[in-house]
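Chemist: The structure is given below, and queries will be raised subsequently.
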Amino acid sequence: MSITLENRELFYSLKASRDELERANRVKDEFLGVMSHELRTPLTVVLGYSRMFQERQLGPLTKDQQQAVDVVLRNSQELLEMIESIMDATKIEAGSMTAEMNPISPLELLQEIKAAYDFPIAKNVRLEWQLPEALPLLWSDSRKLRQILTNLINNAIKFTEEGRIIIAAEKKLRADEKNAKHWLEFRVSDSGVGIPPEECDKIFDRFYQVDSSKARRFEGVGLG
Numbered sequence: 192m193s194i195t196l197e198n199r200e201l202f203y204s205l206k207a208s209r210d211e212l213e214r215a216n217r218v219k220d221e222f223l224g225v226m227s228h229e230l231r232t233p234l235t236v237v238l239g240y241s242r243m244f245q246e247r248q249l250g251p252l253t254k255d256q257q258q259a260v261d262v263v264l265r266n267s268q269e270l271l272e273m274i275e276s277i278m279d280a281t282k283i284e285a286g287s288m289t290a291e292m293n294p295i296s297p298l299e300l301l302q303e304i305k306a307a308y309d310f311p312i313a314k315n316v317r318l319e320w321q322l323p324e325a326l327p328l329l330w331s332d333s334r335k336l337r338q339i340l341t342n343l344i345n346n347a348i349k350f351t352e353e354g355r356i357i358i359a360a361e362k363k364l365r366a367d368e369k370n371a372k373h374w375l376e377f378r379v380s381d382s383g384v385g386i387p388p389e390e391c392d393k394i395f396d397r398f399y400q401v402d403s404s405k406a407r408r409f410e411g412v413g414l415g
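One gets the numbering used here by counting positions in the sequence shown from 1 and adding 191 to each.
Set out below in structure tokens:
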């Protein structure tokens, strides 16, 4: 009888802990969702006016003013991408993430991404874009694919002190037992600090950061 009572008490204790954990996760996700939305709204205004200044819609700019506007626009865009990453992570946790699949031109997408990095990097680092003259249409979510590639490039820039970063796309042929299938490989490689093999299984956990003396010099929120 005493063992049965102990087991029952343990069961209800574990259930109460689980319910409390689920409630805390719901509150956390709701907070992140609201926070991200509230931050995104004023940031969109900052980006809009920055682009107007950059395109000289509000009048001419001096060279120094142009450089300052470029810095504001670039960092505002990075902040917006971080906010969108938080919103996406919250949707994934809630199981409400959806993909808007459409035929897209991967070459056009890569050229647009390339244009966003048409500015000097404040490091001894160069970007090399190895893009073929033609690539087949791709069935994908263009916004999410852009976000993935941009995060990879930003991380490569952040963790590379000197050297080069290669951004490449290549059509591949994958043959199975029944037929051959074409697919696209996107690759971002760099000469930075790298990721220890024992950390590779953890890097896709939300908010996880590699904890090493070299990597800790580059702070982030663990969403890239």
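A virtual CB, placed ideally from N, CA and C, is assigned to each residue, including glycine.
(1) Let's test the definition: count the other Cβ atoms within 10 Å of the Cβ of residue 260 and tell me whether it reaches 16, buried, or not, exposed.
(2) Would you check if the segment 234 to 252 and the segment 306 to 316 touch, i.e. whether three or more CB-CB distances between them fall below 8 Å?
(3) Can you give me the C-alpha to C-alpha distance between residue 285 and residue 229, rounded to a whole angstrom?
(4) Which class does residue 280 belong to by DSSP, given the choice of helix, strand or coil?
(5) Express the C-alpha separation of residue 343 and residue 218 in angstroms, rounding to a whole number.
(6) Between the Cα of residue 324 and the Cα atoms of 338, 330, 359, 294, which residue gives the shortest distance?
(7) Enumerate in chain order the residues of its own chain whose CB-to-CB distance from residue 281 is below 8 Å, with the five nearest sequence positions on each side excluded.
(8) Apart from the five residues on each side of it in sequence, which residues of its chain come closer than 6 Å, Cβ to Cβ, to residue 381?
(9) Is the distance from the Cβ of residue 328 to the Cβ of residue 295 below 8 Å?
(10) Can you tell me whether residue 249 is buried or exposed, with buried defined as 16 or more other CB within 10 angstroms of its CB?
(11) What separation, rounded to the nearest whole angstrom, lies between the Cα atoms of residue 253 and residue 288?
(12) CB residue 304 to CB residue 337, shorter than 8 Å?
(13) With distance defined between alpha-carbon atoms, name the residue in 390, 363, 264 nearest to residue 246.
(14) Can you name the residues that DSSP bridges to residue 373?
(15) Note the first and the last residue of the continuous beta strand (DSSP E) segment covering residue 295.
(16) Does DSSP put residue 247 in a helix, in a strand, or in coil?
(17) Would a C-beta distance cut-off of 8 Å place residue 298 and residue 326 closer than the cut-off?
(18) Which same chain residues, not among the five before or five after residue 320, have their C-beta less than 7 Å away from its C-beta?
(19) In angstroms, rounded to a whole number, what distance separates the CA positions of residue 292 and residue 202?
Modeler: Per the coordinate set shown:
(1) Working through the sequence shown from its first residue, we reach residue 260 at position 69. Flag for residue 260 reads buried.
(2) The segment 306 to 316 vs the segment 234 to 252: no contact.
(3) As a working mapping, residue 285 is identified with position 94 in the sequence shown. As a working mapping, residue 229 is identified with position 38 in the sequence shown. Each residue's Cα considered, the two are about 19 Å apart.
(4) Taking the sequence shown and counting its residues from 1, the one referred to as residue 280 is at position 89. Residue 280 carries a helical assignment under DSSP once its states are collapsed to helix, strand and coil.
(5) Residue mapping note: residue 218 aligns to position 27 of the sequence shown, counting from 1. Residue mapping note: residue 343 aligns to position 152 of the sequence shown, counting from 1. Linking residue 218 to residue 343 through their CA atoms gives a straight-line distance of about 30 Å.
(6) Taking the first residue of the sequence shown as position 1, residue 324 is located at position 133. Out of 338, 330, 359, 294, 359 has the C-alpha closest to the C-alpha of residue 324.
(7) The sequence position of residue 281 within the sequence shown is 90, counting from 1. Correct list, in chain order: 220, 223, 224, 227.
(8) By one-based count along the sequence shown, residue 381 stands at place 190. So the list reads 347, 351, 356, once near-sequence residues are dropped.
(9) Position 137 of the sequence shown holds residue 328. Position 104 of the sequence shown holds residue 295. Going by beta carbons, residue 328 and residue 295 fall inside the 8 Å limit.
(10) Within the sequence shown, the letter at position 58 stands for residue 249. Here residue 249 is exposed. Its C-beta has fewer than 16 other C-beta atoms within 10 Å.
(11) Locating residue 253 in the sequence shown gives position 62, counting from the first residue. Locating residue 288 in the sequence shown gives position 97, counting from the first residue. Going by the C-alpha atoms only, they are around 44 Å apart.
(12) Residue numbering aside, residue 304 sits at position 113 when the sequence shown is read from its first letter. Residue numbering aside, residue 337 sits at position 146 when the sequence shown is read from its first letter. Yes, the Cβ-Cβ distance between residue 304 and residue 337 is below 8 Å.
(13) As a first step, residue 246 must be located in the sequence shown, where it is residue number 55. When only C-alpha atoms are compared, the closest one is 264.
(14) Looking up residue 373 in the sequence shown gives position 182. Answer is 364, bridged to residue 373.
(15) Here residue 295 refers to the residue found at position 104 when the sequence shown is read from its first residue. Where residue 295 is concerned, the enclosing beta strand (DSSP E) stretches over 293 to 295.
(16) Your numbering for residue 247 matches position 56 in the sequence shown. It is coil, neither helix nor strand.
(17) Indexing the sequence shown from 1 puts residue 298 at position 107. Indexing the sequence shown from 1 puts residue 326 at position 135. In this structure, the beta-carbon distance from residue 298 to residue 326 falls below 8 Å.
(18) Locating residue 320 in the sequence shown gives position 129, where the first residue counts as 1. The residues are 305, 358.
(19) What you label residue 292 is simply residue 101 of the sequence shown in a count that begins at 1. What you label residue 202 is simply residue 11 of the sequence shown in a count that begins at 1. Rounded to the nearest angstrom, the two C-alpha atoms are 45 Å apart.
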